[in-house]
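Per the numbering used here, the very first residue in the sequence shown carries number 664; after that it's consecutive. Step one of this worksheet: look at the structure below.
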Amino acid sequence: MPSSRQVLKWKPPFDSAIALKGLEDYKPPAAGDARYVANLGIALVYIRKIRGWVAISHFA
664 MPSSRQVLKW
674 KPPFDSAIAL
684 KGLEDYKPPA
694 AGDARYVANL
704 GIALVYIRKI
714 RGWVAISHFA
């Protein structure tokens, strides 16, 4: 995880986390990209260091 606070770049929400996988195929996410996933009821942020999405629990 980042050692300092990361600025989140909120993108449009998705209905399903499956859409995140499809997104990576044609427009790779950047570090700090964040999306709310409606069917999971959580927000995810992309962490470049691990090349993956991580659930976040506190966001505005």
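All C-beta atoms in this analysis are idealised placements derived from N, C-alpha and C, irrespective of residue type, glycine included.
Within the same chain, show all residues whose beta-carbon is closer than 8 angstroms to that of asparagine 611, passing over the 5 residues directly before and after it, in chain order.
Any answer about residue 611 is impossible in this case: the structure gives the chain only from 664 up to 723.
Closest Cα partner of tryptophan 673 within the set Ala718, Tyr699, Lys690 and Ser720
Tyr699
Would you mind sorting proline 783 into buried or exposed? The rule is 16 or more other CB atoms within 10 Å of its CB.
Only positions 664 to 723 of the chain appear in the structure, and residue 783 is not among them; the question remains open.
Buried or exposed: which applies to alanine 706, given that a residue is buried once 16 or more other Cβ atoms fall within 10 Å of its Cβ?
buried
Is the separation between the beta-carbon of arginine 711 and that of alanine 694 shorter than 8 angstroms?
yes
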